[in-house]
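Remarks on the structure that follows.
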Amino acid sequence: MAQDVQLSDADLEKVRALLNANYNPQDHQEAQELILGALQEVQHLFGWVPFEAARLIAEHLGVSENLIYGLLTFYADFRTEPPGNHFMLLCHGTACYVGGSQRLIDTLRDRYGIGADETTADGELTVQIVNGCLGVCDCAPLIHLDHVYHGNLTVESFVEAIENAKRNGPARRDHAAH
Ligand code: FES
Numbered sequence: 379m380a381q382d383v384q385l386s387d388a389d390l391e392k393v394r395a396l397l398n399a400n401y402n403p404q405d406h407q408e409a410q411e412l413i414l415g416a417l418q419e420v421q422h423l424f425g426w427v428p429f430e431a432a433r434l435i436a437e438h439l440g441v442s443e444n445l446i447y448g449l450l451t452f453y454a455d456f457r458t459e460p461p462g463n464h465f466m467l468l469c470h471g472t473a474c475y476v477g478g479s480q481r482l483i484d485t486l487r488d489r490y491g492i493g494a495d496e497t498t499a500d501g502e503l504t505v506q507i508v509n510g511c512l513g514v515c516d517c518a519p520l521i522h523l524d525h526v527y528h529g530n531l532t533v534e535s536f537v538e539a540i541e542n543a544k545r546n547g548p549a550r551r552d553h554a555a556h
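With the sequence shown counted from 1, adding 378 to any position gets you the working numbering.
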């Protein structure tokens with residue numbers, strides 16, 4: 379996990395507030411059941427799960443930090459590094475695969491130097507490749523970039539969507555786990 383990225387006091391307070399509001403287990407069993415939900419809410423808040431937030435969850439629920447880190451490692455949807463300025467889900471489900479999503483993945487590798495769950499060296503773009511279906515197969519192949527769907531993509535329109543997003547400046551950092 380990225381331990382060198384410090385959360386501000388205001389951000390730590392947001393984590394405490396969501397834990398106090400929704401995560402008050404009656405016993406150890408319930409505490410364990412609440413961990414995933416708390417981690418998902420934190421990821422929704424920041425776009426990733428910062429080390430300090432994970433520690434607060436452990437402390438608040440009375441569970442071991444190792445248990446939390448184990449879950450973060452086990453579930454690929456959790457990000458333990460800050461995402462880039464722009465966040466993309468690239469659908470690689472059946473319809474998108476048939477429609478050419480592999481060409482988009484190849485373009486990410488060749489033009490931007492990134493693969494699944496990676497961020498470009500300039501910190502601009504993070505991609506998550508989704509092997510399930512994003513639910514809009516009519517528009518395959520498609521991506522979800524900074525909260526907007528882009529469908530029926532060719533390599534050209536794919537690159538254009540990315541470059542447009544970069545030109546528009548950093549997006550909001552509240553990317554939910556999917
Ligand atoms: S397979 Fe990509 S949206 Fe359904």
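Don't be surprised by glycine CBs; every beta carbon is placed ideally from N, CA and C.
Beta-carbon to beta-carbon, R489 and V537 are separated by about 7 Å, close enough to satisfy the 8 Å threshold. G491 and T498 have their alpha carbons spaced roughly 7 Å apart. In this structure, T532 has its beta carbon at no less than 7 Å from each heavy atom of ligand 1.
Taking all protein chains in view, the Cβ of H438 is crowded by 16 or more other Cβ atoms within 10 Å, so the residue is classified as buried. For H470, the CB contacts under 8 Å within the same chain, skipping 5 residues up- and downstream, are S479, Q480, I483, I507, V508, N509 in chain order. Here C517 carries a helix assignment [DSSP, helix/strand/coil]. With respect to the 8 Å criterion, A549 and H464 are classified as neighbours on the basis of their beta carbons. The residues V533, F536, V537, in chain order, have a CB closer than 8 Å to that of T485 in the same chain once the five nearest residues on each side in sequence are set aside. Going by C-alpha positions, S386 is about 42 Å away from A473.
For ligand 1, a non-hydrogen atom lies closer than 7 Å to the CB of V514.
The nearest non-hydrogen atom of ligand 1 is less than 7 Å from the C-beta of G471. Cβ-Cβ distances below 7 Å link V526 to nothing in the same chain once the five nearest sequence neighbours on each side are left out. The C-beta distance from L449 to L414 rounds to 7 Å, short enough to fall under 8 Å.
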